[in-house]
Structure formats: C-alpha cells, structure tokens
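First residue of the sequence shown: 2, per our numbering; consecutive thereafter.
Note that CB positions come from ideal geometry on N, CA and C, so glycine has one too.
A quick note: this is a predicted structure, and the numbers were derived from the prediction, not measured.
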Amino acid sequence: MQSFTTERLLIRPLAEQDKAMYISLYTDAKIMRNIGEPLSVEAAEKAFKKTIKVMQKDQPKVMTWAIITLDNNECIGLGALNWQMPDIAEIGIMLLRNSNGQLLPEEAIGSIIEYGLNHLALEQINACYTKKNFATARVAKKTGFVFDSTKQPLDTLQRIDYLYKSSWHRHYIKTILG
2 MQSFTTERLL
12 IRPLAEQDKA
22 MYISLYTDAK
32 IMRNIGEPLS
42 VEAAEKAFKK
52 TIKVMQKDQP
62 KVMTWAIITL
72 DNNECIGLGA
82 LNWQMPDIAE
92 IGIMLLRNSN
102 GQLLPEEAIG
112 SIIEYGLNHL
122 ALEQINACYT
132 KKNFATARVA
142 KKTGFVFDST
152 KQPLDTLQRI
162 DYLYKSSWHR
172 HYIKTILG
C-alpha cells in the first residue's frame, strides 16, 4: 500500500497519528447521517485499532488512507477500498465538514480510483450509498461512476454506481511515493 499525491492532496496509509481525526469522523452525527449511527468514542477507538490491524496484513481486504492537504498538512478525512471480489472493490470516503465545497472529494476519490485500477489490479469499483445522499451522488457522477438500474440492491434505500477500468481515462495522481 503506497502513498500518492494529487494537485492538492497527499493520500497516505492510515497511521496512529490519525486516530483523533478518525474518531471525530465516526462520532459526528452529521457526517454519519447517511452512513449509520454515530459511534461512541470507545467504539470508534476500537474500530480504529481494528482498521490499523487489518491494514497490516499481507493482502488486506480493506485499504484505508488518510487524506492530507498539501498546503497546510492538515488531515481532512479518510478514503478506503473494500474488496468484494479479487478484482472488484467498493470505494468510500469521509471528510471533515469544513473540507466540502472545494472539489476535494472528487480529487480524493479520483486518485483512489486511479490507484486501485492502475496499481491494485481492480477491474471494477463500486460506490454504494443511500439514495438520499445527493452530495455523494454528485461526486460519484463527476468522477465517472454510472448507474445501472438492472444491478441495484434489494434494499430500496441504497444505490450502487459502477466504474469500470475499461472506461477510466482520468489522471489525478501526480506522484507515487514509497
């Protein structure tokens, strides 16, 4: 698992130094409103430890990155890929509330997509979210995900958009580090 940069971001593997930011995301009711119930501080600490442990495996089923701004070195969120099959993963992102409205979600997701397709042998990346999460729907569309009505989950509150390696032609990553 490598780190990489975009025009404005450093995307690097989640580390112990990111614990406070991780906990603040998972305990914030507004951020969690379209994901699930916010966690208690204790549950978020336990989830953080589990995430760090999973990432230390030789072939983790989930890769989690911290998203850092290059201009002020501030950790603003998390991005992850969660493997569904050997060549298919689900993408997710969580940003601190003050990081929205600057096209940072698109840049972060775009770079994680690019990394997954070009460096992790993924052929497909899925974005699963609640239908009422219009902000995520906009970001998914801007980053190239497509909606397929024939492949939707039985849960009528959820939506899955798809992105295929064969249709990916964007470049967000400037450098691959380490």
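For the beta strand (DSSP E) assignment, the uninterrupted runs of no fewer than 3 residues enclosed by the segment 107-144 are, from N- to C-terminal side, 125-131. A straight-line Cα-Cα distance of about 23 Å links Ala136 and Ile174. Distance check between Asp149 and each of Tyr163, Ser25, Gln60 and Pro106 places Tyr163 closest, using alpha-carbon atoms only. With three or more CB-CB distances shorter than 8 Å, the segment 26-34 counts as touching the segment 94-104.
Minimum Cα-Cα distance from Gln3 among the listed residues Ile77, Lys166, Ala67 and Lys51 corresponds to Ala67. Judged by DSSP in its simplified three-state form, Ala90 adopts strand. Under the three-state reduction of DSSP output, Met2 falls in the coil class, being neither helix nor strand. Ranking Leu158, Tyr23, Arg171 and Lys50 by CA distance to the CA of Ser112 puts Arg171 first.
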